[in-house]
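Asks:
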């Protein structure tokens, strides 16, 4: 082998530093791909809508006669059960979307397409945040479609509620999406995802204020009430519930923001090749 | 933008080079036997890919041990090893899918752990697993990759047209990736890897599962890129017949580099008449306990 001499042709590269335009194009590309995938998977859209509608049309219809709802904030009067349950179902749509997104990341990692994302020269935290934003955009569309169909059940919030709920949905979607990202960094195999459904998603949904007001839970079982209060999903539901009626729950907002920061931080740590779980296990294989 | 910035890299590069060279971190890469020592020295800054004393393990199981190698611009280098030799681990570390804890990896002088943005912007990768999104069209897959590299729209469209032309798939750019054969998908993946005009191309077992014609097309295509564009290529394979007479060869076995040099140098060092014979001899000598 001959000696190499240093010549301009063999010069090392200049440092490449991405500018705002690089970041923007990257975000645009990731969101655009998520939309394309979503539009291409009509079944996903339908199931995202059918799931809460089954709850609203069947479960809520059955429960309205057994579960009276008293006046609880943000409601100003007695409300039928359908009205109570709609914000919880809206956040359920986001919960499932976050899990679907997380599932697709585990799938992408097993199938290899995650590698394409992670070999981008942009910082990994930014790639994950872009992926999260793309997923939240899709979930918000699903929620608005659900709210539109819920009008058929005469569940109608004030008109300004549909605008006020947008930032709330954005925050709750981010928190649940970040939770999904965190899960995807800890799950190595697709098969393990069924366990997540049983041990994470269902307990999260049922031990919350989505289906019943917490004062009733407190009357029935104090420990369950503590669990419901500690459940971030409860606060996401309350954030959306209050926003849909034009008010704000500061506690719910603070809890959702705090959980978002923790989940996102842990997810970025989980995907960091130098420190995280994926790198330690060689899980990106 | 990446391409634009590289037009100015000569001057800046020379400035950066001096600091890198000052570290006197040089690698000895030649047809050495039973280790990584050898004859000529390849300065880190002059290498397209420069790996020194790289070790990695999964828990107690070592996957790579003291791996050192260097690739120069324009070189077609075959990374030859049996399944489980550590090729994919090496690729995962070089592409920073996970981090190395011992040793160093530099791409044109940029350390992958300290300056991943520069290192990754200079690198195109074709992974062993298929990584196209089968529900998207060819051009949608390529646009997504361009976006991940922050490429401007007009430049991206020009590059997509040029690269698809080169792999003879320009007429099928709107076809869903699902409709392509295995060989065509690999061609799209190579076009995608070259979209942002990298200077180093890594291919991990790119011909696995392909028919003879597709394999030959890929080999010829990538070799021509080395000749015509000065691209440095690392081609990982366990198929010995993919080593051409003019190729550089790295033999990797059980996580160790057993030989590194031109095909002729490896043959001479192993005392063999063919690459297959040289490979067999090297593997036997590299077995634990020998």
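Protein chains in written order, with the numbering used here: chain Z, 4 to 288; chain W, 5 to 294. For each residue, glycine too, the CB sits at the ideal point set by N, CA and C. Note that the structure is predicted; figures quoted are calculated from it, not measured.
1. Does residue 213 (chain W) pass the burial test, meaning 16 or more other C-beta atoms within 10 Å, or should it be called exposed?
2. Helix, strand or coil for residue 112 (chain W)? Go by DSSP, reduced to three states.
3. Tell me the DSSP secondary structure of residue 72 (chain W) in three-state form.
4. With three or more beta-carbon pairs closer than 8 Å as the criterion, would you say the region 177 to 186 of chain W touches the region 201 to 211 of chain W?
5. If distances are taken between C-alpha atoms only, which option among W:260, W:194 and W:153 comes closest to residue 229 (chain W)?
6. Buried or exposed: residue 222 (chain Z), going by 16 or more other Cβ atoms within 10 Å of its Cβ?
7. Does DSSP put residue 19 (chain Z) in a helix, a strand or coil?
8. By the three-class DSSP mapping on this structure, what secondary structure does residue 107 (chain W) have?
9. If we require 4 or more residues per run, which alpha helix (DSSP H) segments fall completely within the region 117 to 181 of chain W?
10. Checking contacts by CB at 8 Å: is residue 101 (chain W) closer than that to chain Z?
11. Where does residue 102 (chain Z) land, buried or exposed, given buried means 16+ other C-beta within 10 angstroms?
12. Closer than 8 Å by beta-carbon distance: list the chain Z residues that pair up with residue 80 (chain W), in chain order.
13. Does the separation of the CB atoms of residue 86 (chain Z) and residue 34 (chain Z) fall below 8 Å?
14. Do the CB positions of residue 181 (chain W) and residue 145 (chain W) come within less than 8 Å of each other?
15. Check the Cβ-Cβ distances between residue 115 (chain Z) and every residue of chain W, and say whether any is below 8 Å.
16. Does DSSP put residue 202 (chain W) in a helix, a strand or coil?
17. Output the distance between the C-alpha atoms of residue 66 (chain Z) and residue 84 (chain Z), rounded to the nearest integer angstrom.
18. Under 6 Å Cβ to Cβ from residue 99 (chain W), same chain only, skipping five residues before and after it: list those, please.
19. Is it buried or exposed, residue 57 (chain Z), if we count other Cβ atoms within 10 angstroms and call 16 or more buried?
20. Give me whichever residues DSSP pairs with residue 66 (chain W) in a beta bridge.
21. Along the alpha helix (DSSP H) that carries residue 189 (chain Z), what are the first and last residues, could you check?
22. Can you list, in chain order, the residues of its chain whose CB lies under 7 Å from that of residue 134 (chain W), leaving out five sequence neighbours each side?
23. Roughly how far, in whole angstroms, is the beta-carbon of residue 181 (chain Z) from the beta-carbon of residue 270 (chain Z), given that I think they are within contact range, below 8 Å?
24. Could you tell me whether the region 145 to 162 of chain W touches the region 140 to 156 of chain Z, where touching means 3 or more Cβ pairs closer than 8 Å?
25. Shortest alpha-carbon distance to residue 239 (chain Z) belongs to which of Z:174, Z:63 and Z:44?
26. Take residue 246 (chain W) as the anchor and find which of W:148, W:232 and W:267 has the nearest alpha-carbon.
Replies: In short:
1. As a working note, residue 213 (chain W) is residue 209 in the second chain. Exposed.
2. For the purposes of this step, residue 112 (chain W) is taken as residue 108 along the second chain, with counting starting at 1. If DSSP states are grouped into helix, strand and coil, residue 112 (chain W) belongs with coil.
3. Residue mapping note: residue 72 (chain W) aligns to position 68 of the second chain, counting from 1. Reduced to three states, the DSSP call for residue 72 (chain W) is strand.
4. no
5. Position 225 of the second chain, counting from 1, holds the residue named residue 229 (chain W). Selected option, being the one with the closest Cα: W:194.
6. By one-based count along the first chain, residue 222 (chain Z) stands at place 219. So residue 222 (chain Z) ends up on the exposed side.
7. Taking the first residue of the first chain as position 1, residue 19 (chain Z) is located at position 16. In this structure, residue 19 (chain Z) counts as coil in the three-state DSSP scheme.
8. Position 103 of the second chain holds residue 107 (chain W). The answer is strand: DSSP assigns residue 107 (chain W) an E or B state.
9. 120 to 125, 142 to 152 and 157 to 170
10. Reading the second chain from its first residue, position 97 is the one you call residue 101 (chain W). For residue 101 (chain W), the answer is yes, since a Cβ of chain Z falls inside 8 Å of its Cβ.
11. As a working mapping, residue 102 (chain Z) is identified with position 99 in the first chain. So residue 102 (chain Z) counts as buried.
12. Taking the first residue of the second chain as 1, we reach residue 80 (chain W) at position 76. Neighbours of residue 80 (chain W) on chain Z: none; closest Cβ ~15 Å, over 8 Å.
13. Here residue 86 (chain Z) is taken as the residue at index 83 of the first chain, counted from 1. Here residue 34 (chain Z) is taken as the residue at index 31 of the first chain, counted from 1. No, they are not a contact pair.
14. Numbered from its first residue, the second chain carries residue 181 (chain W) at position 177. Numbered from its first residue, the second chain carries residue 145 (chain W) at position 141. Contact: yes.
15. Here residue 115 (chain Z) corresponds to residue number 112 of the first chain, with the count starting at 1. Yes, residue 115 (chain Z) lies at the interface with chain W (some Cβ there is under 8 Å from its Cβ).
16. As a working note, residue 202 (chain W) is residue 198 in the second chain. Coil, per DSSP.
17. Position 63 of the first chain holds residue 66 (chain Z). Position 81 of the first chain holds residue 84 (chain Z). Their backbone Cα atoms lie some 7 Å apart in a straight line.
18. Against the second chain, residue 99 (chain W) aligns to sequence position 95. Result list for residue 99 (chain W): 129, in chain order.
19. Working through the first chain from its first residue, we reach residue 57 (chain Z) at position 54. That one is exposed.
20. Residue mapping note: residue 66 (chain W) aligns to position 62 of the second chain, counting from 1. In DSSP, residue 66 (chain W) forms a bridge with W:61.
21. Your numbering for residue 189 (chain Z) matches position 186 in the first chain. Its alpha helix (DSSP H) spans residues 162 to 189.
22. Taking the second chain and counting its residues from 1, one reaches residue 134 (chain W) at position 130. Taken in chain order, the residues that qualify are 189.
23. For the purposes of this step, residue 181 (chain Z) is taken as the residue at position 178 of the first chain. For the purposes of this step, residue 270 (chain Z) is taken as the residue at position 267 of the first chain. Your pair residue 181 (chain Z) and residue 270 (chain Z) checks out as a contact, with CB atoms roughly 6 Å apart and the cut at 8 Å.
24. Here the region 145 to 162 of chain W makes no contact with the region 140 to 156 of chain Z; the two share fewer than three CB pairs at distances below 8 Å.
25. To locate residue 239 (chain Z), count along the first chain from 1; it is residue 236. Nearest option by C-alpha distance: Z:174.
26. Against the second chain, residue 246 (chain W) aligns to sequence position 242. For the residues W:148, W:232 and W:267, the minimum Cα distance to residue 246 (chain W) belongs to W:267.
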